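A.B. asks:
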Amino acid sequence: MDPRVEAVANVLVQYSIGLKPGQLVQIESKQEGFPLVIALYRAVLKAGGHPWLDLGIEETQELFYTHASEE
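Numbering (our numbering), first residue to last: 4 to 74.
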């Protein structure tokens, strides 16, 4: 892992959002951002937060609208 990516993730979690233990954090990204997503996920867990990933995988949106039911 690139230490610069780890540093950015730590700054985002510790300073930018000031994560408190027990907080839910949504991490949303497309494939190009996956290295930062992994670093953010780790930083949120270390800070006692609950990460929730929302990954923009293009194929899943088409599959959802093709195969999902009304429920």
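Where a beta carbon is used, it is the ideal one built from N, C-alpha and C, also for glycine.
Only a predicted model underlies this, so the values are computations on that prediction, with no experimental measurement involved.
1) Any idea what DSSP makes of K49, helix, strand or coil?
2) Quick check on G21: does DSSP put it in helix, strand or coil?
3) Short of 8 angstroms in beta carbon distance, which residues of its chain neighbour A12, apart from the five on each side in sequence? Order them along the chain.
4) State the beta-bridge partners of S32 as determined by DSSP.
5) Quick one: what's got a C-beta closer than 6 angstroms to A50's C-beta in the same chain, skipping five residues either side?
C.D. replies: With the given structure in hand:
1) Taking the sequence shown and counting its residues from 1, the one referred to as residue 49 is at position 46. In the structure shown, K49 sits in a helix (DSSP, three-state: H, G or I).
2) Taking the sequence shown and counting its residues from 1, the one referred to as residue 21 is at position 18. Residue state, collapsed to three classes: coil.
3) Sequence index remark: in the sequence shown, residue 12 carries index 9 (1-based). For A12, where only same-chain residues beyond five positions count, the Cβ hits under 8 angstroms are L39, A42, L43, R45 and A46.
4) The count along the sequence shown starts at 1 and reaches residue 32 at position 29. L58, per the DSSP bridge assignment.
5) Working through the sequence shown from its first residue, we reach residue 50 at position 47. Closer than 6 angstroms at the Cβ level, and outside the excluded window around A50, lie V16 and L22.
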